[in-house]
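Each residue of the sequence shown is one higher than the one before, starting from 232 at the first, in my numbering.
The C-beta atom is built at its ideal place from N, Cα and C for all residues, glycine as well.
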Amino acid sequence: MKNLLIIGAGQYGMVAREIAESMKCFERIDFVDDVYPSAVGKICDIDKLIHEYDSAAVAIGNSDLRLTLIKRLCEIGYEVPTLIHEKAYVSPSAKIGIGCFIEPMTVVHTNVTVETGCILSAGVILNHNSVVHEGCHINCGSVVKARAEIKAGTRTGYNEVCDTEKVEHVKQHDKLPVAV
232 MKNLLIIGAG
242 QYGMVAREIA
252 ESMKCFERID
262 FVDDVYPSAV
272 GKICDIDKLI
282 HEYDSAAVAI
292 GNSDLRLTLI
302 KRLCEIGYEV
312 PTLIHEKAYV
322 SPSAKIGIGC
332 FIEPMTVVHT
342 NVTVETGCIL
352 SAGVILNHNS
362 VVHEGCHINC
372 GSVVKARAEI
382 KAGTRTGYNE
392 VCDTEKVEHV
402 KQHDKLPVAV
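Following this line, the structure appears as structure tokens:
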């Protein structure tokens, strides 16, 4: 079994921990956080903790910072898993990037691509052949239409129906690998 270090112990950190626990593949799950009193260290300590934790996840809402930290974790040598809740459905033909969170009751349909560092909140539906570019947060109950392409850094509202016109754009980062 692996040990997981979660960067950020706020609301996203608690969600990440529950998803990771549902996966039943981590022996130990701990946090680094600059203010959380029970954390095993601060964010600046991630270099030192590589010997105790082989995997790390970034649970921070700011997409720029999330993507920057994912890149840094890869450079240090951490495995950056995608956390998929046991009650989510991900099609075998979907391609999911590293460092994503897929919450319960989410559906990722046929031939969908989700790039690095995306958060798919509870109840999201990504219809077939859609693409969600890096750093997006698709909020609870939202639907991404078939063949839609969601721009990098987009954060949807709750229960939003999204198509290719969704243009909330943030700075592009160097592309990180997409896991298969």
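Around the C-beta of V311, 16 or more other C-beta atoms lie within 10 Å, and the residue is accordingly described as buried. The region 242-254 makes contact with the region 324-339; the number of CB pairs closer than 8 Å reaches 3 or more. In the DSSP assignment, S253 falls within the unbroken alpha helix (DSSP H) covering Q242 to M254. Straight across, the Cα-Cα distance linking C305 with C256 is about 20 Å.
When the beta-carbon positions are compared, D278 and I307 come within less than 9 Å of each other. Between C367 and the set I301, A379, S294 and E391, the nearest pair of CA atoms involves S294.
Comparing alpha carbon positions, the residue from Y320, T395, I237 and C349 closest to L280 is I237. As summarised for the region 298-369, the continuous beta strand (DSSP E) elements at least 3 residues long and confined to that stretch are 326-328, given in chain order.
The beta-carbon distance between L235 and Y267, rounded to whole angstroms, is 16 Å. This is too long to meet the 8 Å contact definition. Contact check for E346 and M254: beta-carbon distance about 21 Å, past the 8 Å limit, so the pair fails to qualify. An exposed status is given to V392, since fewer than 16 other beta-carbon atoms sit within 10 Å of its beta-carbon.
In this structure, the alpha-carbon of G372 lies about 30 Å from that of V263.
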